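What follows is a single structure, written as structure tokens, with notes after it.
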Amino acid sequence: MSDFDKLVEEILESFWKSSPFAATFVGIHKYDHELDNVDGGYLMSVNKERRGFLKRLEDLDEKAMNHEEYIDWQLLKNWLQSNIRDFEEMRHWQKNAADYAN
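Residue numbering for the sequence shown follows my numbering, starting at 201 and increasing by one per position.
Below, the structure written as structure tokens:
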């Protein structure tokens, strides 16, 4: 398994763990017994982790990737950038009463 593949697995596992609802929705049943944690402190730690994942993705040599890996790399990088921007700038987690607990 390549470094890229390992990082993809780590990112996906982190996402499923941080959003059990999303995991169940796509058929990952490892976290069926859990609910999404909407605590502000927890969400900030998830965002920090995603910033770390983005940095690690950006540090990979995309020129060494095959075509499929490069597409996955771009998709993951864009998803992380969008997710981080939404969390830090749009701040729905603080504004939308359906999304926050505190």
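Note that the Cβ used here is the ideal one computed from N, Cα and C, for glycine as well.
Values in this document were obtained by computation on a predicted structure and should not be read as measured data.
With a threshold of 16 other beta carbon atoms within 10 Å, Phe-253 meets it and is buried. Counting along the chain, Lys-255 sits inside the alpha helix (DSSP H) bounded by residues 240–259. For Lys-277, the uninterrupted alpha helix (DSSP H) run begins and ends at 267–285, by DSSP. With contact defined as three or more Cβ pairs closer than 8 angstroms, the segment 203–210 and the segment 256–265 are in contact.
Glu-288 sits close to Asn-247, with the two beta carbons spaced by under 8 angstroms. Note that the C-beta distance between Leu-257 and Trp-273 is below 8 angstroms.
When Phe-215, Asn-283, Gln-294 and Val-208 are compared, the shortest CA-CA separation from Lys-230 is found for Phe-215. With 16 or more other Cβ atoms from the protein chains shown falling within 10 Å of its own Cβ, Arg-250 counts as buried.
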